[in-house]
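One structure is given below, encoded as structure tokens.
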Amino acid sequence: MEKKIVLVTDSTADLSREMLDELNIKFLPLKIIYREEQYQDRIDIEPEEVCRKMDEEIPTTSMPSPGEIEELYRKLKAEGYEKIISIHISSGLSATYSNCKMVAGQMEDMEIAVIDSKMLSMGLGRLVLYAQKLISEGEKSFAEIVEMVEAKKEEIDLFFIVDTLKYLKEGGRIGKVQGTLAELFNIKPIISIDEDGEYFNFDKVRRKKRALKKMFEITKNKVKEGSYFVDVMHAAAEKEAEKLYNKFAELSNVKESILGEISPAMIVHAGPGLIGVVITRMF
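Using the working numbering, you'd call the opening residue of the sequence shown number 69 and step up by one each time.
Next up, the structure:
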């Protein structure tokens, strides 16, 4: 029988605290840092508060420290867990993965698999939910679960638009996205994540309304065959996101959807107005 396995992720997975608690998924919060105070992502600061403060001050973010990661891993060991699967935000966007990998390599008394999701938001969240399903079923070995989760990354697509590229630039998360001149002409890049886990221009459309329509068309084409989860995430753009969410609900191959807000840490780097879509082949 496989030894006790526990799942760890971070606050950018955009899974609700209720869902994390119900499924016994542990998480490491990133930090939101203002000039005079610091918060733990999704613990003592929520998305709407970050959006509200954006005009006054754009904060910075920080990943969980090695000490905090080790403290959680050690706590789980003390609770009787013998193996950990730790799945995190893309290494192309944060050093969270590398910090977890370093700590895991130093803990010789526990088997820890650290997975670079090459994703974020519900792209990461769906990968975590897939891992939890495999763990709870109890039919696969630790190594098999890790291998299947790694393979599942190929069945997740993520697309999003932002009101402005300002926050991606200031936060150093612009990746391979190009569009400075295009912003002057109100051209909205539809941004995705490549195999390196970095942002890139998937397409460009003039004006946000057309960009939303294009994201719907992209998604509709991707879910023509098979069954899918399609999740819609936003940052202070609930009405636009809900409208898109309702349109996806009408597609016969979309079996389940989540409508939610991105984490405070991601709002810092994307800004209010973001709308994103995550497409995952059903598991």
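The beta-carbon is built from N, C-alpha and C at its ideal position, and this holds for glycine as well.
Nearest neighbour of residue i, chosen from the options [CA to CA]
i	options	result
Glu238	Arg194, Ser189, Thr129, Leu195	Thr129
Lys94	Val245, Glu105, Gln106, Asp78	Asp78
Val273	Met283, Gly265, Asp299	Met283
Val171	Ser159, His156, Val217, Tyr141	Tyr141
Ser158	Asn314, Lys221, Tyr296	Lys221
His302	Met350, Val346, Ser166, Leu236	Val346
Pro115	Ala305, Phe351, Lys315	Ala305
Where the alpha helix (DSSP H) through residue i begins and ends
i	result
Val230	Counting along the chain, Val230 falls outside any alpha helix (DSSP H), and DSSP gives it neither H nor E.
Pro332	332 to 338
Tyr198	189 to 205
Lys244	Note, Lys244: premise wrong, no alpha helix (DSSP H); not H, not E.
Ile255	Per DSSP, Ile255 belongs to no alpha helix (DSSP H); it is in the beta strand (DSSP E), 255 to 261.
Ser166	164 to 174
Leu140	134 to 146
Glu218	210 to 220
Residue i and residue j closer than 9 Å at C-beta
i	j	result
Ile230	Leu342	Here residue 230 turns out to be Val, not Ile, going by the sequence shown. A contact, by the Cβ cut-off of 9 Å.
Leu312	Val291	no
Ile335	Cys119	yes
Met131	Leu98	yes
Phe227	Ile259	yes
Lys151	Lys71	yes
Met178	Tyr198	no
Met190	Asp89	no
Ile63	Ile73	Residue 63 lies beyond the residue range present for the chain, which begins at 69 and ends at 351; the question has no answer from this structure.
Glu310	Leu280	no
Counted within 10 angstroms of its Cβ, other Cβ atoms place residue i as buried (16 or more) or exposed
i	result
Ala333	buried
Ala146	exposed
Thr80	buried
Gln174	exposed
Glu285	exposed
Ser84	exposed
Lys186	buried
Gly206	exposed
Asp109	buried
Gly294	exposed
Met69	Since pLDDT at Met69 reaches only 46, below the 50 mark, its modelled position is unreliable, and no value is offered.
Ala181	buried
Residue interval of the beta strand (DSSP E) (run including residue i)
i	result
Val346	343 to 349
Val298	296 to 302
Query raised in the report: Which ranges would you report for the alpha helix (DSSP H) in the segment 78 to 116 if only whole runs of at least 4 residues count?
Result: Fully enclosed alpha helix (DSSP H) runs of 4 or longer: 85 to 90.
Query - Entirely enclosed beta strand (DSSP E) segments - the segment 265 to 330, minimum 3 residues - result: 267 to 274, 296 to 302, 322 to 324, 327 to 329
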